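Q: Residue numbers (the numbering used here): 375 to 565.
Even glycine gets a Cβ: it sits at the ideal position worked out from N, Cα and C.
Computed from a predicted model, the values in this text were never measured in an experiment.
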Amino acid sequence: MSDDASVSDPENPTATIATTHGDITVELFEQRAPRTVENFIGLATGANDYEGTDIEPGTGAWEDPETGEKRIDPLYDDVPFHRVIEDFMIQGGDPTGTGRGGPGYQFDDEFHDELSHDGPGILSMANSGPDTNGSQFFITLDAQPHLDGRHAVFGQVIDGMDVVEEVGSLPTGRNDDPQEDVSIESVDVDQ
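1) Using a 10 Å radius around the Cβ and a threshold of 16 neighbouring Cβ atoms, would you call residue 488 buried or exposed?
2) Which of the three DSSP states, helix, strand or coil, is assigned to residue 409?
3) Who are the near neighbours of residue 378 in its chain, counting only those whose CB is closer than 7 Å to its CB and skipping five residues on each side?
4) For residue 542, I'd like the list of residues in its chain whose CB is within less than 7 Å of its CB, leaving aside the five on either flank, ordered along the chain.
5) What does DSSP give as the partner residue(s) for residue 445 in the beta ladder?
6) For residue 497, name the three-state secondary structure that DSSP assigns.
7) If you draw a straight line from the alpha carbon of residue 390 to that of residue 492, how long is it in whole angstroms?
8) Am I right that residue 561 and residue 418 are in contact with their C-beta atoms under 8 Å? What's the rounded C-beta distance?
9) Could you give the first and the last residue of the continuous alpha helix (DSSP H) run that contains residue 542?
10) Between which residues of its own chain and residue 544 is the CB-CB distance below 6 Å, once the five residues before and five after are set aside?
11) Out of curiosity, what's the CA-to-CA distance linking residue 375 and residue 400?
12) Going by beta-carbon coordinates alone, are residue 431 and residue 470 separated by less than 8 Å?
13) Look at residue 511 and residue 497 and say whether their C-beta atoms are less than 8 Å apart.
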């Protein structure tokens with residue numbers, strides 16, 4: 375997918391992921407993956423009401439994995455891309471930065487026949503098995519068809535693929551952790 379890709383459906387929301395290496399803009403496939411997109415937007419923007427908001431997908435509320443406290447601020451702000459595998463993907467969205475954290479809930483996989491890991495720039499949910507989606511996501515660096523039916527696609531990069539590729543080429547340690555700080559500074563959603 376090139377940096378000049380266009381939105382496939384103007385009705386779809388977009389999100390700009392501001393990182394320490396530049397901005398990545400993604401189109402979110404709201405019609406084909408509504409629960410997954412709602413969850414991502416909720417965690418990106420946070421909740422409006424502390425008292426009236428349950429910790430569950432789409433509400434924007436989440437549980438701090440270190441303190442167990444309910445949070446309503448945006449989860450993705452200042453969260454690292456904790457896993458980078460060259461020619462495969464970059465992964466972020468874990469508030470602990472370890473690859474083991476999440477929002478304090480899980481939700482079911484949401485697959486659509488027309489959505490696949492058919493090239494670079496595919497935005498998809500990271501998980502630890504069926505129906506274990508939370509806050510972690512990844513962006514592909516190349517086609518990854520073996521992930522179809524295992525990880526839910528919910529968007530695509532429409533601008534900033536050069537940033538994804540730059541992050542994807544960073545040197546990593548034994549556990550695929552980048553040796554240079556690369557973090558999500560914020561996510562701005564345009565609905």
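A: Taking the definition as stated:
1) exposed
2) helix
3) Reliability fails at residue 378, whose pLDDT of 43 lies under 50, so the model's placement of it is uncertain and the value that follows must be treated cautiously. Correct list: empty, nothing qualifies.
4) 458, 460, 464, 515
5) Answer is 436, bridged to residue 445.
6) strand
7) 22 Å
8) 4 Å
9) 535–542
10) 458, 552, 554
11) Reliability fails at residue 375, whose pLDDT of 40 lies under 50, so the model's placement of it is uncertain and no value is given.
12) no
13) Against a cut-off of 8 Å, the Cβ pair of residue 497 and residue 511 comes out as a contact.
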